Amino acid sequence: MSKQNLFIPALGGLYEKLEPFALPLLRIIIGVIFFLHGFDKFQGFLADGNLDRFAGYVASEGFEPGYFWGWLTLLTEMVGGLMLALGLFTRLAAAFLTGMMIIIIIWFKSHEAFLGHKGGFEYEFVYALLAFTFL
Numbered sequence: 006m007s008k009q010n011l012f013i014p015a016l017g018g019l020y021e022k023l024e025p026f027a028l029p030l031l032r033i034i035i036g037v038i039f040f041l042h043g044f045d046k047f048q049g050f051l052a053d054g055n056l057d058r059f060a061g062y063v064a065s066e067g068f069e070p071g072y073f074w075g076w077l078t079l080l081t082e083m084v085g086g087l088m089l090a091l092g093l094f095t096r097l098a099a100a101f102l103t104g105m106m107i108i109i110i111i112w113f114k115s116h117e118a119f120l121g122h123k124g125g126f127e128y129e130f131v132y133a134l135l136a137f138t139f140l
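Numbering (our numbering), first residue to last: 6 to 140.
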């Protein structure tokens, strides 16, 4: 690592020691975020006893049958996130998660503004890019 490219050259030694942990830490954090997002849907499923509300929303957006796509979304987030966090079949999990986020951006969010306070898709875009990093 060349010191002239460092933001704070005096921390070059620390940067070198921490560099091997950057991508694994990012992979774990992103995987946990995806897992928790899917687990939240799963808890809603357990509380309601069914997936009607989420499946109805998915179906209303044109993804029929809603239950199939609802379950696929839930499992992609939970299983894909867990696999990404654990480093198991990382590229496969990253491919599914990236694809899911791209579909969400194009199908569900493309008609909205980019910024979140206007209902935008910048979070989905960042998650898609982060998942794509591990392809």
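Glycine residues also receive a C-beta, built at the ideal position from the N, C-alpha and C atoms.
All values derive from a computational prediction rather than experimental measurement.
Can you name the start and end residues of the alpha helix (DSSP H) that Val131 belongs to?
Glu127 to Thr138
Excluding sequence positions up to five away, which residues of its chain have a Cβ less than 7 Å from the Cβ of Ala100?
Leu140
Pick helix, strand or coil for Ser7, following the three-state DSSP scheme.
Below a pLDDT of 50, predicted positions are generally treated as unreliable, and Ser7, at 47, falls in that range; the measurement from the model is reported next regardless. Three-state result, Ser7: coil.
Give the straight-line distance between the Cα atoms of Val37 and Ile111, rounded to the nearest whole angstrom.
24 Å
In terms of alpha-carbon separation, which member of Ile109, Phe113 and Thr103 lies closest to Ile35?
Thr103
For the segment 40-56 against the segment 71-91, do three or more pairs of beta-carbon atoms, one drawn from each stretch, fall closer than 8 Å, so that the two count as touching?
yes
Would Leu28 pass as an interface residue toward chain C - the criterion being a Cβ-Cβ separation below 7 Å?
Considering every chain present, this structure includes no chain C. It has just one protein chain.
Residue span of the alpha helix (DSSP H) that contains Leu77, given as start and end:
Gly71 to Leu80
Could you tell me the distance, in whole angstroms, from the CA atom of Phe94 to the CA atom of Met88?
6 Å
Check the C-beta distance from Leu11 over to Gly18 and give it rounded, since I have them as a contact under 8 Å.
With 8 Å as the limit, Leu11 and Gly18 do not qualify as a contact, their Cβ atoms being about 10 Å apart.
Count the other CB atoms, across all protein chains shown, that sit within 10 Å of the CB of Glu69; report buried if there are 16 or more and exposed otherwise.
exposed
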